[in-house]
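Participant: All residue numbers for the sequence shown refer to my numbering, where the first residue is 55 and numbers rise by one.
Sharing a structure, written as structure tokens. Questions coming.
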Amino acid sequence: MKTVPSVTEERGGGIAVLTFNRPERLNAWTDEMGQRYMALLTSVDADPGVRAIVVTGAGRGFCAGLDLTALSSPQARTPADRKQARRARSFALRVRKPVIAAVNGPAAGLGLVQALFCDLRFVKAG
């Protein structure tokens, strides 16, 4: 069975579009999603063909914040794991290219923070 990535990317015309891709959970944030988002931001930031980055959400929401189901199953997380998760959440601040949030629906908690970490924000009415 093919695994669907938690963040997808499309590049073309000098623009990279990164899409939070967990629509069944309103794109609620997980550590894995944060790691993938950070890796994709690193990749598109290094791509000379990309002039700007757009971040949006799949489905009807931008990002509902932290996925609380992750908190219900305790995991042994090392201090290094926690530091890496914090770094991933704020990584958009380190990107040299303009990062634009296309907020297409609810953005709560960490989802709102992700939008605020972008250089510009455009919000869908309604």
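Positions of the beta carbon are idealized from the N, C-alpha and C atoms, including for glycine.
1. In terms of residue numbering, what span does the beta strand (DSSP E) encompassing R175 cover?
2. Do T84 and S60 count as a contact pair if the criterion is CB distance below 8 Å?
3. Taking C-beta to C-beta, are K137 and N158 nearer than 8 Å?
4. Indicate, with yes or no, if the ligand MN has a heavy atom lying under 7 Å from the CB of R148.
5. Output needed for F145: all residues of its chain with C-beta closer than 6 Å, excluding positions within five of it in sequence on either side, in chain order.
6. Considering only the beta carbon of each residue, do A162 and F176 sit closer than 8 Å?
Facilitator: The relevant details are as follows:
1. Residues 174–177.
2. Taking a C-beta distance under 8 Å as the contact criterion, S60 and T84 qualify as a contact pair.
3. Here K137 is not near N158, since their CB atoms are 8 Å or more apart.
4. The ligand MN is absent from the structure shown, which contains no ligand whatsoever.
5. Once the five neighbours on either side are set aside, the close Cβ partners of F145 are M92, L95.
6. Contact annotation: A162 and F176 have beta-carbon atoms that are not nearer than 8 Å.
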